[in-house]
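Note that the protein sequences, when read in sequence, are chains Z, V, X and F.
The first sequence runs 178 to 450 under the numbering used here.
The second sequence runs 178 to 450 under the numbering used here.
The third sequence runs 178 to 450 under the numbering used here.
The fourth sequence runs 178 to 450 under the numbering used here.
Shown next, in structure tokens, is the structure this report addresses.
There are 4 protein chains.
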Amino acid sequence: MESTRSSKSMKQRLHSVLERSDGGFSGFDIFIVSLICLNVVALIVETVDEIHDVSPLAFRMFDTISVAIFTVEYVVRIWSCTAEEQYRHPVWGRLRFAVTPVLFIDLLAILPFYVALLAPVGLIDLRVLRFLRAVRLLARIARLSRYSSGLRTSAGVLNAKRAELITVIVFLAILLLMASSLMYYAETEAQPDKFANIPQAMWWSIITLTTVGYGDAVPVTAAGRILAGVIAILGIGLFALPAGILGSGFMEEMSKRRQGPRLCPHCQREIHE
Amino acid sequence: MESTRSSKSMKQRLHSVLERSDGGFSGFDIFIVSLICLNVVALIVETVDEIHDVSPLAFRMFDTISVAIFTVEYVVRIWSCTAEEQYRHPVWGRLRFAVTPVLFIDLLAILPFYVALLAPVGLIDLRVLRFLRAVRLLARIARLSRYSSGLRTSAGVLNAKRAELITVIVFLAILLLMASSLMYYAETEAQPDKFANIPQAMWWSIITLTTVGYGDAVPVTAAGRILAGVIAILGIGLFALPAGILGSGFMEEMSKRRQGPRLCPHCQREIHE
Amino acid sequence: MESTRSSKSMKQRLHSVLERSDGGFSGFDIFIVSLICLNVVALIVETVDEIHDVSPLAFRMFDTISVAIFTVEYVVRIWSCTAEEQYRHPVWGRLRFAVTPVLFIDLLAILPFYVALLAPVGLIDLRVLRFLRAVRLLARIARLSRYSSGLRTSAGVLNAKRAELITVIVFLAILLLMASSLMYYAETEAQPDKFANIPQAMWWSIITLTTVGYGDAVPVTAAGRILAGVIAILGIGLFALPAGILGSGFMEEMSKRRQGPRLCPHCQREIHE
Amino acid sequence: MESTRSSKSMKQRLHSVLERSDGGFSGFDIFIVSLICLNVVALIVETVDEIHDVSPLAFRMFDTISVAIFTVEYVVRIWSCTAEEQYRHPVWGRLRFAVTPVLFIDLLAILPFYVALLAPVGLIDLRVLRFLRAVRLLARIARLSRYSSGLRTSAGVLNAKRAELITVIVFLAILLLMASSLMYYAETEAQPDKFANIPQAMWWSIITLTTVGYGDAVPVTAAGRILAGVIAILGIGLFALPAGILGSGFMEEMSKRRQGPRLCPHCQREIHE
Chain Z
178 MESTRSSKSM KQRLHSVLER SDGGFSGFDI FIVSLICLNV VALIVETVDE
228 IHDVSPLAFR MFDTISVAIF TVEYVVRIWS CTAEEQYRHP VWGRLRFAVT
278 PVLFIDLLAI LPFYVALLAP VGLIDLRVLR FLRAVRLLAR IARLSRYSSG
328 LRTSAGVLNA KRAELITVIV FLAILLLMAS SLMYYAETEA QPDKFANIPQ
378 AMWWSIITLT TVGYGDAVPV TAAGRILAGV IAILGIGLFA LPAGILGSGF
428 MEEMSKRRQG PRLCPHCQRE IHE
Chain V
178 MESTRSSKSM KQRLHSVLER SDGGFSGFDI FIVSLICLNV VALIVETVDE
228 IHDVSPLAFR MFDTISVAIF TVEYVVRIWS CTAEEQYRHP VWGRLRFAVT
278 PVLFIDLLAI LPFYVALLAP VGLIDLRVLR FLRAVRLLAR IARLSRYSSG
328 LRTSAGVLNA KRAELITVIV FLAILLLMAS SLMYYAETEA QPDKFANIPQ
378 AMWWSIITLT TVGYGDAVPV TAAGRILAGV IAILGIGLFA LPAGILGSGF
428 MEEMSKRRQG PRLCPHCQRE IHE
Chain X
178 MESTRSSKSM KQRLHSVLER SDGGFSGFDI FIVSLICLNV VALIVETVDE
228 IHDVSPLAFR MFDTISVAIF TVEYVVRIWS CTAEEQYRHP VWGRLRFAVT
278 PVLFIDLLAI LPFYVALLAP VGLIDLRVLR FLRAVRLLAR IARLSRYSSG
328 LRTSAGVLNA KRAELITVIV FLAILLLMAS SLMYYAETEA QPDKFANIPQ
378 AMWWSIITLT TVGYGDAVPV TAAGRILAGV IAILGIGLFA LPAGILGSGF
428 MEEMSKRRQG PRLCPHCQRE IHE
Chain F
178 MESTRSSKSM KQRLHSVLER SDGGFSGFDI FIVSLICLNV VALIVETVDE
228 IHDVSPLAFR MFDTISVAIF TVEYVVRIWS CTAEEQYRHP VWGRLRFAVT
278 PVLFIDLLAI LPFYVALLAP VGLIDLRVLR FLRAVRLLAR IARLSRYSSG
328 LRTSAGVLNA KRAELITVIV FLAILLLMAS SLMYYAETEA QPDKFANIPQ
378 AMWWSIITLT TVGYGDAVPV TAAGRILAGV IAILGIGLFA LPAGILGSGF
428 MEEMSKRRQG PRLCPHCQRE IHE
């Protein structure tokens with residue numbers, strides 16, 4: 178009986194360290210964030226052959242140690258989640274906890290290591306290995322976002338501006354399709370390699386309307402240039418809309434978090450602006 | 178008599194299904210929107226030779242069936258429009274209804290099919306065929322915009338900001354002409370192929386002032402580069418103006434739709450803007 | 178005596194037609210604006226050899242007739258300006274009127290024609306002729322701006338935001354100089370042709386910081402790319418500032434012109450926002 | 178005793194001329210700012226071989242004279258700083274004053290001259306000389322920023338928007354890493370020279386997400402283009418965020434400086450923000 182209680186309280190203590198809900202950072206959080214940051218840097222730097230070849234073993238060892246720590250962390254998270262009311266059931270609770278997006282990303286950050294380790298050498302080819310590496314890196318970067326308040330703010334913004342964004346995106350999709358179709362019919366004869374079909378013309382449209390303008394696909398006919406000029410002038414303003422909506426939403430959301438209602442510091446009455 | 182009444186009520190029922198005025202979506206609307214979307218995807222994907230050549234017949238059949246459905250829809254719309262007061266006259270009412278922009282686009286979405294079908298083979302060449310295909314695709318994309326509230330919002334914005342937009346556009350046109358003329362005289366001697374005349378220099382101006390910057394026409398002389406630097410710094414702010422006007426207008430229009438009417442803070446009565 | 182009075186009243190009538198001060202457009206204004214527009218189009222289209230060579234005489238004649246009309250207009254403006262109190266003196270008043278910017282541009286729009294006509298053939302070379310043509314075209318485009326309310330608005334904006342603009346421009350000039358110097362020292366060894374000196378590196382800086390990004394000068398060394406990345410991320414926000422200041426000033430100025438103070442339409446009291 | 182007092186008062190007079198605290202410009206400030214401006218222009222123009230070679234001696238002499246003046250100014254500043262309460266101590270006070278950022282930049286603007294002069298010829302190679310020149314130019318440009326109110330405003334803005342900027346920058350760093358990793362895995366096989374490793378892909382990401390778009394690294398595979406299109410549309414809005422935050426902060430800071438303090442509309446007392 179005693180042992181069960183102490184085990185339970187240890188589980189609860191572990192759980193409260195791992196899953197803080199007050200928004201602050203514990204010492205453990207700082208350790209994990211630092212480890213993930215080092216991991217991301219290592220995985221990025223590893224792709225530079227000159228650096229990787231200095232000591233491939235060091236990279237390999239650092240990855241192994243990191244995965245070991247992340248695995249322990251993952252297992253303890255799964256084990257201790259039953260401390261929370263909603264995941265109380267020892268089997269179904271843990272399963273439901275394991276399939277939450279956050280835990281799923283935690284799993285993706287370690288799984289590729291074991292797959293690459295356990296798969297029979299003959300069965301795993303270079304493409305699969307590259308895919309596993311991509312998943313591993315992306316999942317570890319994604320793990321960082323759990324600790325970034327920017328992501329939570331963005332989620333709030335996307336929710337608050339949902340209606341506007343959908344309206345604008347449908348509208349922009351129609352514009353994009355029209356611009357691509359027009360440019361395809363205007364340029365395909367003169368440049369059959371760069372405007373071979375409408376999906377290719379769509380590449381031109383996106384790169385032009387976002388004002389990136391690489392210059393890899395550029396209209397050369399008079400009709401194409403007149404069309405492109407009109408599309409550029411008209412379309413750019415409209416493609417800047419979602420950016421504006423997201424940007425102003427972000428600012429609103431952030432100032433909302435910082436302030437309660439605004440009060441006059443002298444008479445304490447609320448000031449409406 | 179009975180037959181006339183039942184025919185009339187059927188016409189009215191059809192009409193009210195086809196031309197909903199309450200802004201919602203009927204099941205029929207969803208069917209037509211889905212069909213147009215599939216159509217647009219098919220017409221775009223069809224331009225990719227690798228996909229088209231898998232089964233040209235499938236594309237041909239899907240187009241034929243779609244046109245058949247759109248034709249029935251078009252004919253029923255024209256037939257049932259007399260249910261509305263303003264198009265009551267059996268001939269002139271229907272004609273006036275047929276030339277409204279919305280119905281005209283519906284016609285353009287099906288007409289190219291019949292023109293290509295009925296035209297004597299010897300009389301129709303590749304250029305005409307391409308033109309018919311472009312019209313068909315653009316008209317079908319345009320049909321989608323009827324169901325997008327973004328388009329209605331934009332029409333409202335263009336109307337509300339008319340005066341500002343005209344002032345700014347005249348001003349920008351003057352700037353564009355000046356920039357193009359200056360660059361033509363600065364660069365034509367050094368690059369007679371890229372700045373051969375002022376309309377060509379205008380291509381440079383538009384691509385630079387919108388910050389797309391393909392790099393296909395770039396000043397190379399010292400005078401041209403100094404001019405281009407000054408034009409870029411001065412002009413970009415001004416070219417961003419219509420985007421800003423449209424953007425802020427869009428946001429206003431959208432928040433107006435979401436909020437109720439504006440009230441005077443003194444007497445609490447509604448203020449129309 | 179009678180003749181003097183009638184001449185004076187004719188002068189005043191002419192003057193009031195030519196120099197309307199109420200901001201509206203007279204029939205004469207519309208005629209002149211149309212003529213200038215046609216002129217600008219002709220001078221632009223003339224630079225396209227294929228069009229010019231169709232009928233060089235027509236372009237020559239249209240220019241001669243236009244200059245004749247503009248000359249008459251100019252002479253009458255100068256002659257009738259004494260009707261205004263501040264230019265009353267028959268000699269000094271007219272001289273002072275002739276050197277106002279607006280009248281000076283009017284003169285520049287016709288003078289090149291006479292210079293090219295009267296100069297001894299041997300004395301005028303191609304470069305001078307091109308310069309005269311550039312002046313002629315720019316002055317005629319500039320004449321249009323007299324009738325554009327956009328220009329007057331801009332003048333108001335520049336005046337209202339003077340302090341902000343000067344602060345920001347000094348700040349940006351310092352940033353531009355620093356970015357150019359850094360990039361010159363980072364890239365001159367690797368690309369001695371594209372970053373040969375700091376003024377050339379300044380071309381890179383302007384094209385990058387305005388986000389035009391032609392791609393004609395691109396850093397290739399690791400140090401240069403890291404610097405360029407940092408400069409791009411930091412600098413672009415700051416280079417967008419003058420655009421933002423001008424843009425918001427433009428909007429304020431325009432809404433100020435449209436509205437008086439805002440009143441509640443029911444109780445007619447002023448509403449402060 | 179008398180001599181000490183007069184020396185002290187001379188010191189105080191010198192100090193108050195050199196370190197004005199009321200924000201205005203003394204005649205001495207104008208002289209120094211003009212000299213620095215001339216210096217910066219000379220150092221920039223000097224890098225153009227054609228101009229430098231006209232009279233290398235003139236540039237050398239102008240630099241020597243400038244450094245002499247700056248050295249006198251620097252020495253007097255250090256000597257007279259004890260007039261201020263906080264740097265009263267003749268040794269430690271002067272040392273603490275010498276390590277303030279402003280004085281440190283003043284030193285950097287003259288030190289390279291003496292290092293190049295005093296170093297044994299055999300010991301200083303071209304790379305060190307270039308580094309000294311870069312430091313000299315950057316420090317002199319940086320000296321200008323002391324007199325620019327733009328810099329002080331920016332410091333205020335960075336402080337006021339600290340929290341927003343950190344949140345956004347962490348968020349953008351995560352996005353940048355994800356975009357770079359995805360593009361590396363998508364493109365490295367097709368373009369092993371341009372997407373050789375993730376840091377190289379990061380160059381692509383920065384140039385694309387800031388919409389500069391040089392076109393030196395462009396995705397060519399279908400997967401890479403689809404990814405790039407999605408990244409461009411999603412990411413650009415988010416990369417424009419810091420610019421928007423800084424821009425709006427700049428405008429707020431500037432209007433705050435122009436306007437008086439904010440008053441509560443109920444009790445009319447001042448509100449500090």
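A virtual CB, placed ideally from N, CA and C, is assigned to each residue, including glycine.
The structure presented is a predicted model; accordingly, all values stated were derived computationally and were not measured.
8 Å Cβ cutoff, residue i in contact with chain X
i, result
"Z/Thr365", "no"
"F/Asp393", "yes"
"F/Ile318", "yes"
"F/Ser358", "no"
Beta carbon proximity, residue i to chain V, threshold 8 Å
i, result
"Z/Thr385", "yes"
"X/Phe244", "First, the amino acid is wrong: residue 244 of chain X is Val here, not Phe. So no, X/Val244 is outside the interface."
"Z/Ala400", "no"
Within-8 Å CB hit, residue i to chain Z
i, result
"X/Gly327", "no"
"X/Leu388", "It is worth fixing the name first, because residue 388 of chain X is Thr in this sequence and not Leu. Closer than 8 Å: yes."
"V/Pro369", "no"
"F/Asn374", "yes"
"V/Met431", "yes"
"F/Met355", "yes"
"V/Ala453", "Outside the modelled stretch of chain V, which goes from 178 to 450, sits residue 453 of chain V, for which no answer is possible."
Other residues of its chain near residue i: CB distance less than 8 Å, five sequence neighbours each side excluded
i, result
"F/Val279", "Arg323"
"F/Leu467", "Only positions 178 to 450 of chain F appear in this structure, which leaves residue 467 of chain F out of reach."
Close-in-space but distant-in-sequence residues of the same chain around residue i (CB under 7 Å, 5 per side omitted)
i, result
"F/Ile413", "Leu386 and Thr388"
"F/Gln368", "Val397"
"X/Gly426", "Val334, Ala337 and Lys338"
"Z/Leu285", "Val312 and Ala316"
"V/Leu212", "Ser243 and Ile246"
"Z/Ser358", "Ile375"
6 Å Cβ shell around residue i - same chain, five flanking residues per side excluded
i, result
"X/Phe239", "Ala219"
"F/Phe290", "Val244"
"F/Thr365", "Phe372"
"Z/Glu341", "Ile422"
"F/Glu429", "none"
"V/Glu196", "none"
"X/Gly401", "Ala363 and Glu364"
Chain F within 8 Å of residue i, Cβ atoms only
i, result
"X/Pro233", "no"
"X/Phe149", "Outside the displayed range of chain X (178 to 450) lies residue 149 of chain X, so it cannot be described from this structure."
"Z/Ser331", "yes"
4-residue-minimum alpha helix (DSSP H) runs that sit fully inside the segment 283-332 of chain V, ordered along the chain: Here the runs fully enclosed are 303-322.
Whole alpha helix (DSSP H) elements within the segment 360-447 of chain X, 4-residue minimum: For the segment 360-447 of chain X, the continuous alpha helix (DSSP H) assignments of 4+ residues that do not extend past its boundaries occur at 375-386 and 399-435, in sequence order.
Complete runs of the alpha helix (DSSP H) confined to the segment 219-247 of chain V [at least 4 residues]: Counting only runs of 4 or more, we get 226-229.
The segment 414-426 of chain V: positions lying closer than 8 Å to chain X by Cβ: Residues passing the 8 Å Cβ filter: Gly414, Leu415, Ala417, Leu418, Gly421, Ile422 and Ser425.
Where the segment 243-272 of chain Z meets chain V: residues whose CB sits under 7 Å from a CB there: Legend: CB atoms of the segment 243-272 of chain Z lying less than 7 Å from CB atoms of chain V are not found in any residue.
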